[in-house]
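Colleague: Below is one structure. I have some questions about it.
Protein chains: 2
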Amino acid sequence: MSTEMADTDDSATDDGFVARQSATLFDSAQPLVLESGETLGPIQVAYQTYGKLSPRKDNTVFICHALTGDAHVAGRHHEDDRKPGWWDGFIGPGKAIDTNRYFVVCANILGGCQGTTGPSSENPVTGKPYGPDFPFITIRDIVNVHNALLDHLDIEKVLAVVGGSLGGMQVLEWAVSRPDRVGAAVVLASGPKLNAQGIAFNAVGRRAIYSDPLFHDGWYYGEEEKPRFGLALARMIAHITYLSEQSIELKFGRKLQNGEEFGFDLKSETEFQIESYLHYQGNQFVDRFDANSYLALTRAMDYFDLSEAYGSIADALSRANSRFLVVSYSTDWLYPTAQSKEIVRSLIEVRKHVTFRELLSPFGHDAFLIEQELPKLEALVSPFLARTYTDGRKSN
Amino acid sequence: MSTEMADTDDSATDDGFVARQSATLFDSAQPLVLESGETLGPIQVAYQTYGKLSPRKDNTVFICHALTGDAHVAGRHHEDDRKPGWWDGFIGPGKAIDTNRYFVVCANILGGCQGTTGPSSENPVTGKPYGPDFPFITIRDIVNVHNALLDHLDIEKVLAVVGGSLGGMQVLEWAVSRPDRVGAAVVLASGPKLNAQGIAFNAVGRRAIYSDPLFHDGWYYGEEEKPRFGLALARMIAHITYLSEQSIELKFGRKLQNGEEFGFDLKSETEFQIESYLHYQGNQFVDRFDANSYLALTRAMDYFDLSEAYGSIADALSRANSRFLVVSYSTDWLYPTAQSKEIVRSLIEVRKHVTFRELLSPFGHDAFLIEQELPKLEALVSPFLARTYTDGRKSN
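Here the protein sequences come in this chain order: A and B. Under numbering that gives the first Met the number 0, the residue at position 51 of the first sequence is numbered 50, and the numbers go up by one with no gaps. Under numbering that gives the first Met the number 0, the residue at position 184 of the second sequence is numbered 183, and the numbers go up by one with no gaps.
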């Protein structure tokens with residue numbers, strides 16, 4: 000695997016702000032061979048780092064983001080940034096993943112639209128965005144690219160790989176396909192495969208995009224208008240699955256958006272607060288996400304199946320060489336606890352070191368991202384990382 | 000309430016086939032006053048009857064259909080009909096609701112598109128379909144129209160009102176707003192209100208329709224193409240909520256539609272069987288349903304709230320004068336058992352006669368419609384109706 004042409008845009012800043020970095024990996028002569036058999040190269044990877052790599056290079060924590068996340072996992076780029084990174088409550092100096100101690104790396108995933116090569120990136124052959132010509136990618140391809148990034152950063156082995164949801168699937172893939180590179184695997188709100196109901200929701204989201212007349216079979220980049228409606232709708236559907244019935248009921252219930260009386264107006268789409276919230280979520284999303292990326296990444300999610308790839312979940316996990324922390328959330332119905340337990344049972348079967356906890360939370364699948372739920376998660380992740388770190392130093 | 004201009008198209012047939020019937024109720028001089036304050040008339044009501052009304056007129060079972068159902072609840076209209084009515088396994092001679100004994104009536108609901116006045120009906124003022132000018136309707140309006148149908152049929156009181164899902168909401172409304180007209184109320188897979196998650200799914204379905212460019216703000220009747228994509232998408236979303244995770248997993252799991260190998264083709268929308276199934280369901284639906292009706296009826300469903308209308312569920316149900324049978328299904332997550340229990344607790348609180356059972360089923364919300372689940376339901380409904388019937392005859 001070649002890792003040439005590193006072109007870091009910007010080095011880590013010392014002023015408390017975080018810098019966007021980028022590497023160009025692979026090239027057209029030595030492209031990445033994808034799971035589909037197609038090839039891709041060069042591949043640009045956007046990433047960010049936090050803390051300092053130890054002289055022994057044994058303190059790297061690699062964060063795998065979820066479906067629509069990005070490399071900006073914590074901190075701010077500028078003092079006037081409205082919001083910090085998506086897991087800022089969990090990662091930073093003195094936080095659950097303590098950047099005074101660990102060197103944290105997070106990279107945008109292959110197929111995404113936040114700096115890593117994806118459908119909206121320029122196809123070097125045509126000089127135009129790949130669009131629907133972007134090759135089909137899988138979780139394994141995503142992990143392969145991030146492995147190449149580690150090579151590029153000259154890091155042989157990471158202390159831990161940590162991720163939730165689609166990020167958790169990447170963690171499992173890391174542990175199984177790169178066993179000697181992973182000290183510990185932290186799998187949050189995830190599973191060894193997406194169940195059929197999850198595929199169904201993804202399918203409906205994709206349908207919304209495909210049937211948007213502004214989608215133009217994926218060739219919308221040069222157009223004035225993007226397939227906003229389809230993508231927003233896909234996001235609205237998915238967003239419902241990220242919440243629990245309980246959390247929607249607690250937060251919104253049947254409360255109306257304006258006043259206390261029904262409007263009896265069929266033209267109003269946002270009469271109940273939950274409707275207004277979903278519309279807002281959908282509209283926000285289309286400003287930061289690309290429809291072709293959404294198609295590609297939900298398909299990568301559908302395809303991931305540890306047992307299909309290796310015969311059984313246990314056969315897959317028998318290849319791992321790391322310790323595991325598996326965490327599920329009691330009201331997560333997208334990746335229910337039963338899925339985490341399947342992983343745990345298989346790990347025990349093949350005699351791997353595993354810690355498992357189902358956290359009680361009303362917040363459904365998204366709980367691992369929600370500020371007020373982070374202390375419970377910290378109480379599990381922080382000592383788990385510390386123990387892995389200490390044990391690693393002892394054995395070296 | 001006026002019930003003039005009865006124009007039965009077709010009398011009941013004696014050849015084993017069922018006939019479509021129709022009544023014109025209300026008129027422009029004496030219109031129905033809707034809950035919104037608007038008025039509507041005349042109103043055409045499509046209905047079908049099964050069995051014979053007893054000389055004492057005490058054997059009527061009124062069936063309330065669900066969101067997208069119709070009056071054709073059982074039997075065939077012609078010998079070459081591909082399928083019988085939607086609850087044919089449950090209603091007929093010798094069946095759970097035995098038409099040798101009971102006189103069954105089922106009518107299409109107000110706002111629907113199967114013969115009862117709805118947005119696709121002709122607006123007498125303009126001579127064109129109502130479209131988005133159709134007034135906002137509620138469950139109470141639907142029940143008021145069906146009450147007028149009873150007047151028209153000269154039936155003072157029904158032995159029972161029976162319905163599942165949105166039909167169950169109608170049953171509750173019947174019991175509460177027309178207490179002296181209902182002997183027994185059978186509420187299946189339903190609740191005193193839709194929870195916020197249900198409103199959320201309805202909202203996304205409506206969004207799909209509104210954002211279909213062929214929707215033309217509801218004025219699509221004269222157009223060559225209807226908003227098929229939007230309506231099909233709405234149906235696909237809703238259909239997922241009618242199934243359980245367990246039933247999708249059992250029936251489809253991660254099975255592929257063609258062969259055993261992944262296609263790595265992002266253009267394929269039906270790679271997994273569950274996707275193909277949902278697309279099929281969506282496409283079938285648009286041939287028989289009207290988008291404006293879908294909007295109107297999902298809003299009626301959102302608005303229904305026994306406690307909002309009467310102060311509390313118990314206050315609402317204290318008005319009832321019937322006995323109740325409440326049935327929920329263990330894997331129904333659209334109207335979970337907890338909602339049925341809320342009804343039951345309130346009924347007990349106000350000292351009404353109630354029988355409750357949660358039926359174990361893998362089939363989710365749709366279980367009450369599924370052939371193989373009907374024997375369990377029959378074991379509850381059949382004796383409940385028989386007892387009500389016998390007790391009623393004793394007391395008269």
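In this text, a Cβ means the ideal position worked out from N, Cα and C, and glycines have one as well.
1. Could you give the DSSP three-state label for Glu172 of chain B: helix, strand or coil?
2. For the putative contact between Arg404 of chain B and Thr389 of chain B, defined by C-beta atoms under 8 Å, what is the C-beta separation to the nearest angstrom?
3. Contact defined as beta carbons within less than 8 Å: I believe Ile141 of chain B pairs with Gln169 of chain B. What is the distance between those atoms, to the nearest angstrom?
4. Using 8 Å as the limit for Cβ to Cβ distance, is Ile108 of chain A near chain B?
5. Please report how far the alpha carbon of Asp8 of chain B lies from the alpha carbon of Tyr46 of chain B, in whole angstroms.
6. Hey, does Ser210 of chain B have any beta-carbon neighbour from chain A nearer than 8 Å?
7. Determine whether the Cβ of Tyr302 of chain B lies closer than 8 Å to any Cβ atom of chain A.
8. Go through its chain and collect everything with a Cβ distance to Pro226 of chain A's Cβ below 7 Å, but skip five positions before and after it.
9. For Lys94 of chain B, tell me which candidate among B:Ala233, B:Arg356, B:Tyr49 has the shortest Cα-Cα distance.
10. Let me know the secondary structure DSSP gives Lys127 of chain B once reduced to three states.
11. Which residue's Cα is closest to the Cα of Phe135 of chain B: B:Ala315, B:Arg298, B:His364?
12. Closest to Pro30 of chain B by CA distance: which of B:Gly40, B:Pro123, B:Thr137 is it?
13. Please say whether Leu384 of chain B and Ala199 of chain B have beta carbons closer to each other than 8 Å?
14. Please confirm whether Lys56 of chain B and Glu121 of chain B have their CB atoms less than 8 Å apart.
15. Is Phe251 of chain B closer than 8 Å to Ala409 of chain A when the C-beta atoms are compared?
16. Using only the alpha-carbon positions, how far apart do His151 of chain B and Lys393 of chain B sit?
17. Could you tell me which of B:Asp132, B:Leu66, B:Phe89, B:Tyr129 sits nearest to Lys375 of chain B, measuring between CA atoms?
18. With 9 Å as the limit, tell me which residues of the stretch 34 to 59 of chain A have their beta carbon closer than that to any beta carbon of chain B; keep them in chain order.
19. Does the beta carbon of Asn476 of chain B come closer than 8 Å to any beta carbon on chain A?
20. If you measure from the beta carbon of Gly391 of chain A to each beta carbon in chain B, is any gap under 8 Å?
21. For Leu359 of chain A, which residues of its own chain have a beta-carbon under 7 Å away from its beta-carbon, when the five flanking residues on both sides are left out?
22. Check whether the Cβ of Val157 of chain B lies closer than 8 Å to any Cβ atom in chain A.
23. Considering only the alpha carbon of each residue, which of B:Ser21, B:Val124, B:Asp132, B:Lys266 lies closest to Ala147 of chain B?
24. Could you pull out every residue in the same chain whose Cβ sits closer than 6 Å to the Cβ of Thr354 of chain B, ignoring the five residues on either side in sequence?
25. Taking only the alpha-carbon atoms, compute the straight-line gap between Leu109 of chain B and Val44 of chain B and give it to the nearest angstrom.
26. What are the residues of the stretch 178 to 202 of chain A that lie near chain B, defined by any Cβ-Cβ distance shorter than 7 Å?
27. Given a limit of 7 Å on CB to CB distance, which residues of the stretch 268 to 283 of chain B reach chain A?
28. Based on Cα-Cα distance, which residue from A:Ala308, A:Leu242, A:Pro118, A:Ala231 lies nearest to Phe284 of chain A?
29. Who are the near neighbours of Asp331 of chain A in its chain, counting only those whose CB is closer than 6 Å to its CB and skipping five residues on each side?
30. List the residues of chain A that Arg235 of chain B touches, going by C-beta distances under 9 Å, in chain order.
31. Classify Tyr209 of chain A as helix, strand or coil using the three-state DSSP reduction.
32. Got a sec: is the Cβ-Cβ distance from Gly252 of chain B to anything in chain A below 8 Å?
33. List the DSSP bridge partners of Ser21 of chain B.
34. Do Val144 of chain A and Gly167 of chain A count as a contact pair if the criterion is CB distance below 8 Å?
35. Using a Cβ-Cβ cut-off of 8 Å (strictly less than) and excluding sequence neighbours within five positions of Gln401 of chain B, which residues of its own chain qualify?
36. Would you mind telling me which residues of chain A sit closer than 9 Å to Ile369 of chain B, beta carbon to beta carbon, in chain order?
Modeller: Inspection of the coordinates gives the following:
1. As a first step, residue 172 of chain B is located in the second sequence; it is residue number 173 there, counting from the start. DSSP places Glu172 of chain B in helix when its eight states are reduced to three.
2. The structure shown does not extend to residue 404 of chain B, since chain B is modelled only from 0 to 395, so the question has no answer here.
3. If you number the second sequence from 1, residue 141 of chain B lands on position 142. If you number the second sequence from 1, residue 169 of chain B lands on position 170. Between Ile141 of chain B and Gln169 of chain B, the beta carbon gap of about 6 Å places them in contact (Cβ cut-off 8 Å).
4. If you number the first sequence from 1, residue 108 of chain A lands on position 109. Output row for Ile108 of chain A: interface = no.
5. As a working note, residue 8 of chain B is residue 9 in the second sequence. As a working note, residue 46 of chain B is residue 47 in the second sequence. Because Asp8 of chain B carries a pLDDT of 37, less than 50, the predicted location of this residue cannot be relied on, and no value is offered for it.
6. Position 211 of the second sequence, counting from 1, holds the residue named residue 210 of chain B. Taking 8 Å as the threshold, the shortest C-beta distance from Ser210 of chain B to chain A falls below it.
7. Here residue 302 of chain B is taken as the residue at index 303 of the second sequence, counted from 1. Chain A, which has a Cβ nearer than 8 Å to the Cβ of Tyr302 of chain B, makes this yes.
8. Sequence index remark: in the first sequence, residue 226 of chain A carries index 227 (1-based). So the qualifying residues of the chain are Ile208, Asp211, Leu213, Phe214, Tyr219, Ala290.
9. Within the second sequence, the letter at position 95 stands for residue 94 of chain B. Considering only alpha carbons, the answer is B:Tyr49.
10. If you number the second sequence from 1, residue 127 of chain B lands on position 128. Lys127 of chain B falls in the strand class under three-state DSSP.
11. Residue 135 of chain B sits at position 136 when you count from the first residue of the second sequence. Comparing Cα-Cα distances from Phe135 of chain B to each of B:Ala315, B:Arg298, B:His364, the minimum goes to B:Arg298.
12. Here the question's residue 30 of chain B lines up with position 31 in the second sequence. If you compare the alpha carbons of B:Gly40, B:Pro123, B:Thr137 with that of Pro30 of chain B, the shortest gap goes to B:Gly40.
13. The residue labelled residue 199 of chain B in the question sits at position 200 within the second sequence. The residue labelled residue 384 of chain B in the question sits at position 385 within the second sequence. Cβ atoms of Ala199 of chain B and Leu384 of chain B: not closer than 8 Å.
14. Stepping through the second sequence from its first residue, residue 56 of chain B is reached at position 57. Stepping through the second sequence from its first residue, residue 121 of chain B is reached at position 122. With contacts defined as CB atoms closer than 8 Å, Lys56 of chain B and Glu121 of chain B fail to qualify as a contacting pair.
15. The structure shown does not extend to residue 409 of chain A, since chain A spans only 0 to 395, so no value can be given for it.
16. On the second sequence, residue 151 of chain B is found 152 positions in, with the first residue counted as 1. On the second sequence, residue 393 of chain B is found 394 positions in, with the first residue counted as 1. Their Cα atoms are separated by approximately 27 Å.
17. Here residue 375 of chain B corresponds to residue number 376 of the second sequence, with the count starting at 1. The shortest C-alpha to C-alpha distance from Lys375 of chain B to any of B:Asp132, B:Leu66, B:Phe89, B:Tyr129 is the one to B:Phe89.
18. Residues Glu34, Ser35, Gly36, Glu37.
19. Lying before the first or after the last residue shown, residue 476 of chain B is absent from chain B, which here runs from 0 to 395.
20. Here residue 391 of chain A is taken as the residue at index 392 of the first sequence, counted from 1. The beta carbon of Gly391 of chain A does not come within 8 Å of any beta carbon belonging to chain B, so the residue lies off that interface.
21. Position 360 of the first sequence, counted from the start, is the residue given in the question as residue 359 of chain A. Excluding residues within five positions, the ones whose Cβ falls inside 7 Å are Ser329.
22. As a first step, residue 157 of chain B is located in the second sequence; it is residue number 158 there, counting from the start. Closer than 8 Å: no.
23. For the purposes of this step, residue 147 of chain B is taken as residue 148 along the second sequence, with counting starting at 1. Nearest option by C-alpha distance: B:Ser21.
24. Position 355 of the second sequence, counted from the first residue, corresponds to residue 354 of chain B. The residues are Leu324.
25. To locate residue 109 of chain B, count along the second sequence from 1; it is residue 110. To locate residue 44 of chain B, count along the second sequence from 1; it is residue 45. A direct Cα-Cα distance of roughly 8 Å separates Leu109 of chain B from Val44 of chain B.
26. Of all residues in the stretch 178 to 202 of chain A, the ones placed with a Cβ closer than 7 Å to any Cβ belonging to chain B are Lys192, Asn194, Ala195, Gln196, Ile198, Ala199, Phe200, Ala202, in chain order.
27. Residues of the stretch 268 to 283 of chain B with a C-beta less than 7 Å from any C-beta of chain A: Glu268, Phe271, Ile273, Glu274, Leu277, listed in chain order.
28. Within the first sequence, the letter at position 285 stands for residue 284 of chain A. It is A:Ala231.
29. Position 332 of the first sequence, counting from 1, holds the residue named residue 331 of chain A. Residues of the same chain with a CB within less than 6 Å of the CB of Asp331 of chain A, apart from the 5 flanking positions on each side, are Ala188, Gly363, His364 in chain order.
30. Here residue 235 of chain B refers to the residue found at position 236 when the second sequence is read from its first residue. This sequence places Met at residue 235 of chain B; Arg is not what is there. Contact annotation for Met235 of chain B against chain A: Ala199, Ala202, Val203, Arg206 [CB-CB distance below 9 Å, chain order].
31. Residue numbering aside, residue 209 of chain A sits at position 210 when the first sequence is read from its first letter. The answer is helix: DSSP assigns Tyr209 of chain A an H, G or I state.
32. Against the second sequence, residue 252 of chain B aligns to sequence position 253. It does; some Cβ of chain A falls within 8 Å.
33. The sequence position of residue 21 of chain B within the second sequence is 22, counting from 1. Residue pairing from DSSP places Ser21 of chain B in a beta bridge opposite B:Ala45.
34. Looking up residue 167 of chain A in the first sequence gives position 168. Looking up residue 144 of chain A in the first sequence gives position 145. For the pair Gly167 of chain A and Val144 of chain A, the CB atoms are not nearer than the 8 Å cut-off.
35. No answer is possible for residue 401 of chain B: it lies beyond the span of chain B, which begins at 0 and ends at 395.
36. Along the second sequence, one-based indexing puts residue 369 of chain B at 370. Here the premise fails: no neighbours, minimum Cβ distance about 18 Å.
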